[in-house]
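*Asks:*
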């Protein structure tokens, strides 16, 4: 039936209506099919998400809700050989805010300030902490609360629902300045250290840790001291707020360090320096253990623990005394006459001198048109090797150095450790300068002049060594030619198991020196302290000691110019040096001391060495005596 | 007495469609259960939603008792009023959250686009009914214009979600009224071609929503966050779900708008695929009943209007679930009868009441 038929047909209206309904119903059926199809689509999507991908989304949901909160381990402590605390943790109350639980932090701090003093510095520090941390960690707004402040806060606690008082551990250096250059200090972890930790794969263990060793033992033994971070699995909501604890693994405390250092000896050294600047390193010749390690002036390491404030920093950083420089480790000084015993050994070893061979010292040495003066006007007369060391005859060593040549000198000195890092267990060591032809070519692109060797003979010229190297070298003589790696830490103690890991003495090398040669030099060094340049400082000592004085020029003197101390500004005066060991027959301690701008070694440095040896060997506490100032000894060293 | 009560009961329930009411009540009950969970077991929320439901059921009852031919009378006035209100909104409307949707009429604020959800399909159904005998191509053009005017005004507010729902309702009427397939195909092609044009007319945030749909990870903390978190909720629900009140995404606050637009994420996380199948089944039940009522409706007006109501109900449900499960962009469409909120509940129940009216006034019309 076609449509025109319908129009003509009388029954058209009803049929038309039926056709309409039929038409409508087919459209409705199509629509229903569409609905079913779309719902099938939804079902497929649900099936995909909830069955096929269920594991994936379940993992995501778990990751959403579970947060791993680190529990920071206690840092190991550092003590001296007698258990005296050098770096300690102390527990103090802090006022902490969990930013995730607070809506308006500024308003809260403002209100808190009405109860407890909060300085602008506290606020700045807190702002910085918020930026650097996750919101569910509670962060200190104030540290080291006094009992009164705790009581005051406790009374007002109801006003501050998001704030809590927590006991936290803080680092403290009870000895302050005394050990600043050995123990070092910790400080807030900076960006560079974060990157380093990430590169080393240690960043996970440092989650939650705010501090890291910056210098000294705190830095070099960081892995031992830090410990293992514990974790707590916490269920958190979308705002990062902790809802409940799911699991917890306890942290493992860091290990303690027990040092070879003697805190009392260190104090004696410090006092002996008086107002002078300088450095002293004392070593146990039998094993390389460091007994005292002083660089003066120091600084208060406690200032650095929580970030040093700008005014203190400026003061330390701009001080003319440069208290932040570790002179014992990184300061390099010309060795002066303290180099002579080694050159004597070199000459004996290379066959350039015999012990009894005598030279005549007229008071000067001419070479290549230059005149090299002896310190003693008129000279020492006839000088053999023993006397050359005892009276510190310059002319003898001008000639000796000239006969040896620079490369023999540098090859021989290198074996004592001069010019290379000793490998002590703190970082920042300088290598010093051990000149040679090759060195000069590399450094200055110039050939070596024979005349330059002459100055090296009395420890001037290019060569420059650290007090640590000087101490290591004299310890090597004391123990008959064995070179040990110096180390500050005696052993590492695990505080839970009480296991001790000893830092083994490491013998770097044994020098091939004929015993009779060594014997001669050692006798001469004893002679120095008995009747030579060190005699005055060691008068009346109850033990036999060996020593050598030295004086290092700060400024080069012009040709023929005579050094007159009173005419030279304080900072340009000579450095005084002294190396020593005692008792001479069975050395227990070897040391090198340098006193900056103090003039002759015999006058300023030797008395310090005397006090240190007296204390270490006899337990004699020195009267507060100012080295050098009371002495009128102008004898050449 | 008993026969009297029976007669009275019969009189009172004469215009209530039992199958439809049953499906509605089941969905509402499910809604209350989910709202209890998603509101962190807030009885206040549940009570408040129960009051909304009672109001909505009341509205439904009233409209079930209004014979469809009364609706025919108000179709044109309501449409004209709606368009006038939309124009007023465009001119004097209040800006809330960057969109001009609300009109302050002194005592209260109204959202005229909500009226158009009913008024547009009503108007179109009335229009086709009026020209039933002489339907020509021109009538479809006019009907399309009648649809485009309010939709255009709503798009400009901007309220893309509502605009889409209203155009869907209008298109359903056009389709059911017999718009020829050739034109449908033509429109589809034209529509496809005009997509770039449409794109350039969209607001930035609307474009962003569509873009993040295809790659929610592009903006995980911004516009993509909703979709990512709700998809995680659905997926982590698995087959049997995490259990009522046990959804971690829900209770740890990872799902935004979790009592309203995203309530399906809560439901899906806690009841899993099995729960989803139950929900799809119940919604299909409502739609199926609507289809049956519409198929048997006596006049073109009731057929078109009933069909539009039924298919709009489907569209709400599909768009909402599609959005939560991450296959449609985030548009503010609640899950019908489940989501918390009075306005949408009343609108939905009003439509369903009209369906009941169509079903129960059939005999009167025929006789």
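Residue numbers (the working numbering), protein chains in the order written: chain A, 1 to 637; chain B, 1001 to 1367. By construction, the Cβ of each residue, glycine as well, lies at the ideal position given by its N, Cα and C atoms.
1. Please classify residue 1015/B: does DSSP put it in a helix, a strand, or coil?
2. With distances taken Cα to Cα, identify the nearest neighbour of residue 51/A among 1241/B, 1033/B, 1013/B.
3. Determine the burial state of residue 1028/B: buried for a count of at least 16 other Cβ atoms within 10 Å of its Cβ, exposed for fewer.
4. Below 8 angstroms on the Cβ atoms is my guess for residue 358/A versus residue 382/A; work out the distance and round it to an integer in Å.
5. Can you tell me whether DSSP reads residue 1316/B as helix, strand or coil?
6. Taking only the alpha-carbon atoms, compute the straight-line gap between residue 1112/B and residue 1294/B and give it to the nearest angstrom.
7. Taking the beta carbon of residue 1269/B as the centre, do at least 16 other beta carbons fall within 10 Å, making it buried, or is it exposed?
8. Going by Cα to Cα distance, which pick from 138/A, 483/A, 127/A, 166/A is closest to residue 146/A?
9. Taking its Cβ as the centre, do 16 or more other Cβ atoms sit within 10 Å of residue 260/A, making it buried, or is it exposed?
10. Since residue 1314/B meets chain A, which of its residues come closer than 7 angstroms, beta carbon to beta carbon?
11. Residues of chain B with a CB under 8 angstroms from the CB of residue 103/A: which are they?
12. Is residue 520/A a contact residue of the ligand GDP, with contact defined as CB to any heavy atom under 7 angstroms?
13. Run through chain A and tell me which residues come within less than 9 angstroms of residue 1327/B, C-beta to C-beta.
14. So, does the segment 600-614 of chain A touch the segment 533-551 of chain A, judging by three or more C-beta pairs under 8 angstroms?
15. Report yes or no: is there a C-beta of chain A within less than 8 angstroms of the C-beta of residue 1030/B?
16. Pair every Cβ in the segment 274-288 of chain A with every Cβ in the segment 305-315 of chain A, then say whether three or more of these pairs are closer than 8 angstroms.
17. From which residue to which residue does the beta strand (DSSP E) around residue 230/A run?
18. Would residue 22/A count as contacting chain B if we go by Cβ distances under 8 angstroms?
19. Taking contact to mean 3 or more Cβ pairs, one atom from each stretch, closer than 8 angstroms, check whether the segment 577-590 of chain A and the segment 241-253 of chain A are in contact.
20. Output the boundary residues of the beta strand (DSSP E) element that contains residue 418/A.
21. Roughly how many angstroms lie between the CA atoms of residue 643/A and residue 579/A, to the nearest whole one?
22. So with Cβ pairs under 8 angstroms, would you call residue 1006/B a contact of chain A?
23. Short check: CB of residue 211/A to CB of residue 257/A, under 8 angstroms?
24. Cα separation between residue 97/A and residue 160/A?
25. Need the endpoints of the beta strand (DSSP E) that residue 1130/B sits in, please.
26. Give the straight-line distance between the Cα atoms of residue 242/A and residue 63/A, rounded to the nearest whole angstrom.
27. Please report whether the beta-carbon of residue 247/A lies at a distance below 8 angstroms from any beta-carbon of chain B.
28. Exposed or buried, what is residue 1141/B when buried is set at 16 or more other beta-carbons lying within 10 Å of its beta-carbon?
29. What does residue 548/A pair with, by DSSP beta-bridge criteria?
30. Is the Cβ-Cβ distance between residue 1229/B and residue 1255/B less than 8 angstroms?
31. What residues from chain B crowd round residue 257/A, counting only those whose CB sits closer than 8 angstroms?
32. Counting only the same chain and skipping the five closest in sequence on each side, list residues whose C-beta sits under 6 angstroms from that of residue 1206/B.
33. Please determine, among 484/A, 509/A, 518/A, the residue with the shortest C-alpha to C-alpha distance to residue 503/A.
34. Just list the beta strand (DSSP E) runs in the segment 104-176 of chain A, keeping only unbroken ones of 3 residues or longer that don't cross its boundaries, in chain order.
*Replies:* In short:
1. Residue 1015/B sits in coil when the DSSP states are folded into three classes, being neither helix nor strand.
2. Comparing Cα positions, the closest option is 1241/B.
3. The residue in question, residue 1028/B, is buried, as its Cβ has 16 or more Cβ neighbours within 10 Å.
4. The beta-carbon distance between residue 358/A and residue 382/A, rounded to whole angstroms, is 5 angstroms. This is short enough to meet the 8 angstroms contact definition.
5. If DSSP states are grouped into helix, strand and coil, residue 1316/B belongs with the helices.
6. The straight-line gap from Cα to Cα measures roughly 27 angstroms.
7. Classification for residue 1269/B: buried.
8. Out of 138/A, 483/A, 127/A, 166/A, 166/A has the C-alpha closest to the C-alpha of residue 146/A.
9. Residue burial annotation: residue 260/A is buried, with at least 16 other C-beta atoms found within 10 angstroms of its C-beta.
10. Within chain A, the residues near residue 1314/B are 35.
11. The CB of residue 103/A never comes closer than 8 angstroms to any CB in chain B; the least such distance is about 15 angstroms.
12. For the ligand GDP, the structure offers nothing, since it holds no ligand at all.
13. Residues of chain A whose Cβ lies closer than 9 angstroms to the Cβ of residue 1327/B are, in chain order, 41, 42, 45.
14. At 8 angstroms Cβ cutoff, the stretches touch.
15. No, residue 1030/B does not count as interfacial toward chain A.
16. By the criterion of at least three beta-carbon pairs nearer than 8 angstroms, the segment 274-288 of chain A is not in contact with the segment 305-315 of chain A.
17. The continuous beta strand (DSSP E) containing residue 230/A extends over residues 230-236.
18. Contact with chain B is absent for residue 22/A, since none of that chain's Cβ atoms lies less than 8 angstroms from the residue's Cβ.
19. Not touching, per the Cβ criterion.
20. Secondary structure note for residue 418/A: it is in no beta strand (DSSP E), with a DSSP letter that is neither H nor E.
21. The question about residue 643/A has no answer, for chain A in this structure spans 1 to 637.
22. So, not an interface residue.
23. Not in contact: residue 211/A and residue 257/A (Cβ atoms no closer than 8 angstroms).
24. Roughly 10 angstroms separates the two Cα atoms.
25. Where residue 1130/B is concerned, there is no enclosing beta strand (DSSP E), although the alpha helix (DSSP H) it sits in stretches over 1112-1130.
26. Whole-angstrom Cα-Cα distance: 14 angstroms.
27. False, the Cβ-Cβ gap to chain B never drops below 8 angstroms.
28. With fewer than 16 other Cβ atoms within 10 Å, it is exposed.
29. DSSP, once it has assigned bridges, lists 579/A as partnering residue 548/A.
30. Going by C-beta atoms, residue 1229/B is nearer than 8 angstroms to residue 1255/B.
31. Simply none; closest approach about 44 angstroms.
32. Counting only Cβ-Cβ distances below 6 angstroms, and skipping sequence neighbours, we find 1160.
33. Ranking the options by Cα distance to residue 503/A, first place goes to 484/A.
34. Segments of the beta strand (DSSP E) lying fully in the segment 104-176 of chain A: 139-142, 163-172.
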